[in-house]
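Colleague: Take a look at this one; I'll ask things after.
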Amino acid sequence: MTSEREVQEVLARYVRATDARDGKAQGALFTDDAVVRIHAKTGQGTYEPVGEPLIDGVAVRYAVENFMEPHPEGGSSHHTTSDCIIEVDGDSAHLNAQFVVFRVRARRRPETGWTEGALGAQGTVEPYESGYYDTWLRRMNGDWKIVRHDVLMDMPMAIPEV
Amino acid sequence: MTSEREVQEVLARYVRATDARDGKAQGALFTDDAVVRIHAKTGQGTYEPVGEPLIDGVAVRYAVENFMEPHPEGGSSHHTTSDCIIEVDGDSAHLNAQFVVFRVRARRRPETGWTEGALGAQGTVEPYESGYYDTWLRRMNGDWKIVRHDVLMDMPMAIPEV
Amino acid sequence: MTSEREVQEVLARYVRATDARDGKAQGALFTDDAVVRIHAKTGQGTYEPVGEPLIDGVAVRYAVENFMEPHPEGGSSHHTTSDCIIEVDGDSAHLNAQFVVFRVRARRRPETGWTEGALGAQGTVEPYESGYYDTWLRRMNGDWKIVRHDVLMDMPMAIPEV
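Residue numbers (our numbering), protein chains in the order written: chain C, 996 to 1157; chain A, 996 to 1157; chain U, 996 to 1157.
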């Protein structure tokens, strides 16, 4: 497998862990000194930080397990990425990807069965977040790990005050 | 071309054949002993089968030609995939991909021309299905063919009773 | 990096330049004799040209800078591509990709703060255009440049009369 593909598959595992709310799998993708920051767009090409940075895989795991909203019954999501630009330089790599997040809500089958005329997938798929992932990785013992991960959101985030 | 890319392009041809409702092109991507199964999600990580499995490329072709709803006038679709995880082991390969399906409906140009103020693409693009493809392939005479294809839908499917 | 990946990253840079309305970056991806044409679908597998072809990178740059609608305040877009089929033959390459374009509109934070109950990304992400890019590239002095780019839109385009 090429190094570029290895790097891209780290991102593929990252989005699966996010959608599965699997903090352990997510945390394992990061180094002990990783820095994760979320930014919200304030204008063309300008951003402001959202909340405090997360430091290291343990913090990432904690955040996934404690701060990500669980899926409701019938709910799931897809963090999809596209159009990766990847530069590998020895054991260091930089990745930039577009992302679009979809919220999926399955309809529950009525006890009396689907209504007449219902055909195909029953539920809704709706995009609701987008932006860019800008990510640095380091190869350690043959595995690529994320050392810095900036999530550049296209929109401002409303965060409950603590 | 790397083996991983070859495998990924089988998926790229699969989605094009699906969107074109091209049963012949679709069937040719599968081996004679291929098994295709559709599953609907019943909970976090759990699925139930939808209908009977399809066995072999001939059945796949038949299904595309006879069971897939044709596009209406102005209609098209895009089965898009993302974030592939691919493992190649000699002449065997495993692929896991996210998918989101979009329904496209083009507006028909009024005989009197577009209404004043209309600008850009005239029609709608709407996501309506999503899930994961989980696929096994085998290299035969230099070409990768699908031997097993599981479509893991995020939603239940309403199927007309026969 | 493999040639296929190099070709795919030209497309990744193309969509970023489009979304950033960066005519200079966009124009630099094309050769001096490049031909860019937009087509609108008229039926299953049939298309008609939209407007006149653009010839060369200078024209591409001019078009991006003068004909593409600027993003409004809070606005952005993502031209996402997927399921690339790439054939490289020496210094020539052919690429076919699906595309879906998303329009992003960020909500502006009210001066009195987000309304109670607001949570997460504030704004909308909406697909509104789709189709296929069919693209030929040539390797010149080690860099892949686009020589021919056909944008196959799924929908008709309303264009203001000049």
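Glycine included, each C-beta is placed from N, C-alpha and C at the ideal position.
1. Applying the 10 Å Cβ sphere with the 16-neighbour rule, what's the burial state of A:E1064?
2. At which residues does the beta strand (DSSP E) containing U:G1118 begin and terminate?
3. Please compile the residues from chain U whose C-beta is within a distance smaller than 8 Å of the C-beta of A:V1099.
4. Tell me which residue opens and which closes the beta strand (DSSP E) that C:T1110 is part of.
5. Quick one: list the residues of chain C neighbouring U:L1006, beta-carbon separation under 8 Å, in chain order.
6. Among A:H1144, A:A1015, A:A1153 and A:M1148, which has the Cα closest to the Cα of C:T1110?
7. Have a look at C:G1085, C:R1000 and C:T1119 and flag the residue whose alpha-carbon is nearest the alpha-carbon of C:N1136.
8. Does the separation of the CB atoms of A:C975 and A:Q1021 fall below 8 Å?
9. Please classify C:K1019: is it buried, with 16 or more other beta-carbons within 10 angstroms of its beta-carbon, or exposed?
10. Along chain C, in chain order, which residues have C-beta atoms closer than 9 Å to that of A:T1013?
11. Report yes or no: do the stretch 1126 to 1142 of chain C and the stretch 1038 to 1054 of chain U share at least 3 C-beta pairs separated by less than 8 Å?
12. Closest to U:A1116 by CA distance: which of C:A1029, C:A1035 and C:A1015 is it?
13. Between the beta-carbon of C:T1075 and the beta-carbon of C:F1094, is there less than 8 Å?
14. Mind pulling the chain A residues with CB within less than 9 Å of U:Q1021?
15. Which first and last residues belong to the alpha helix (DSSP H) in which C:T1013 is found?
16. With a threshold of 8 Å between beta carbons, is U:R1000 in contact with chain C?
17. Using C-beta distances below 6 Å, list every residue in its chain close to U:A1088, excluding the 5 sequence neighbours before and after it, in chain order.
18. Can you pull the chain A neighbours of C:V1120, defined as C-beta to C-beta under 7 Å?
19. Going by beta carbon distance, what residues of the same chain come within less than 8 Å of C:A1026, once the five residues before and after it are set aside?
20. For U:D1145, name the three-state secondary structure that DSSP assigns.
21. Using 8 Å as the limit for Cβ to Cβ distance, is C:T997 near chain U?
22. Nearest CA to the CA of A:N1091: which residue from A:Y1127, A:A1015 and A:P1122?
23. Ignore the nearest five residues each way along the sequence and tell me which others in C:E1106's own chain have a CB closer than 6 Å to its CB.
24. Would DSSP call A:R1056 helix, strand or coil?
Modeller: With the structure as the only source:
1. What you label residue 1064 of chain A is simply residue 69 of the second sequence in a count that begins at 1. By the neighbour-count rule (16 or more Cβ atoms within 10 Å), A:E1064 is not buried but exposed.
2. Position 123 of the third sequence holds residue 1118 of chain U. Note, U:G1118: beta strand (DSSP E), G1118 to M1135.
3. Your numbering for residue 1099 of chain A matches position 104 in the second sequence. The answer, in chain order, is S1125, D1149 and M1150.
4. Walking along the first sequence from the start, residue 1110 of chain C turns up at place 115. Where C:T1110 is concerned, there is no enclosing beta strand (DSSP E), given that its DSSP letter is neither H nor E.
5. By one-based count along the third sequence, residue 1006 of chain U stands at place 11. Going along chain C in sequence order, the residues near U:L1006 (Cβ under 8 Å) are D1078.
6. As a working note, residue 1110 of chain C is residue 115 in the first sequence. Nearest option by C-alpha distance: A:A1153.
7. Along the first sequence, read from residue 1 onward, the residue named residue 1136 of chain C stands at position 141. Checked all of C:G1085, C:R1000 and C:T1119; the closest Cα to C:N1136 is C:G1085.
8. Residue 975 of chain A cannot be examined here, being either before or after the span of chain A that is shown, 996 to 1157.
9. For the purposes of this step, residue 1019 of chain C is taken as the residue at position 24 of the first sequence. That one is exposed.
10. Within the second sequence, numbered from 1, the residue matching residue 1013 of chain A stands at position 18. Neighbours of A:T1013 on chain C: none; closest Cβ ~14 Å, over 9 Å.
11. no
12. Residue numbering aside, residue 1116 of chain U sits at position 121 when the third sequence is read from its first letter. Checking every option, the nearest Cα to that of U:A1116 belongs to C:A1035.
13. As a first step, residue 1075 of chain C must be located in the first sequence, where it is residue number 80. As a first step, residue 1094 of chain C must be located in the first sequence, where it is residue number 99. Their beta carbons are under 8 Å apart, which means C:T1075 touches C:F1094 by this criterion.
14. In the third sequence, the residue the question calls residue 1021 of chain U occupies position 26. By Cβ distance, chain A contributes nothing, its closest Cβ being about 18 Å from U:Q1021, past 9 Å.
15. Taking the first residue of the first sequence as position 1, residue 1013 of chain C is located at position 18. Unbroken alpha helix (DSSP H) run through C:T1013: S998 to D1014.
16. Position 5 of the third sequence, counting from 1, holds the residue named residue 1000 of chain U. So, interface residue.
17. Residue mapping note: residue 1088 of chain U aligns to position 93 of the third sequence, counting from 1. Excluding positions up to five away in sequence, the list reads V1002 and L1132.
18. Residue 1120 of chain C sits at position 125 when you count from the first residue of the first sequence. Ordered by position in chain A, the residues that pass the 7 Å Cβ test against C:V1120 are V1095, P1122, Y1123, E1124 and S1125.
19. The residue given as residue 1026 of chain C occupies position 31 in the first sequence. The amino acid at residue 1026 of chain C is misidentified as Ala; the sequence shows Thr. So the list reads D1051, G1052, R1133, M1135, K1140, I1141 and V1142, once near-sequence residues are dropped.
20. Indexing the third sequence from 1 puts residue 1145 of chain U at position 150. It is a strand residue.
21. Locating residue 997 of chain C in the first sequence gives position 2, where the first residue counts as 1. Yes, because at least one Cβ of chain U sits closer than 8 Å to the Cβ of C:T997.
22. Counting from 1 along the second sequence, the entry for residue 1091 of chain A is found at position 96. Of A:Y1127, A:A1015 and A:P1122, the residue nearest in Cα terms is A:Y1127.
23. The residue you call residue 1106 of chain C lines up with position 111 of the first sequence. Excluding positions up to five away in sequence, the list is empty.
24. Here residue 1056 of chain A corresponds to residue number 61 of the second sequence, with the count starting at 1. Note: A:R1056 maps to helix in three-state DSSP.
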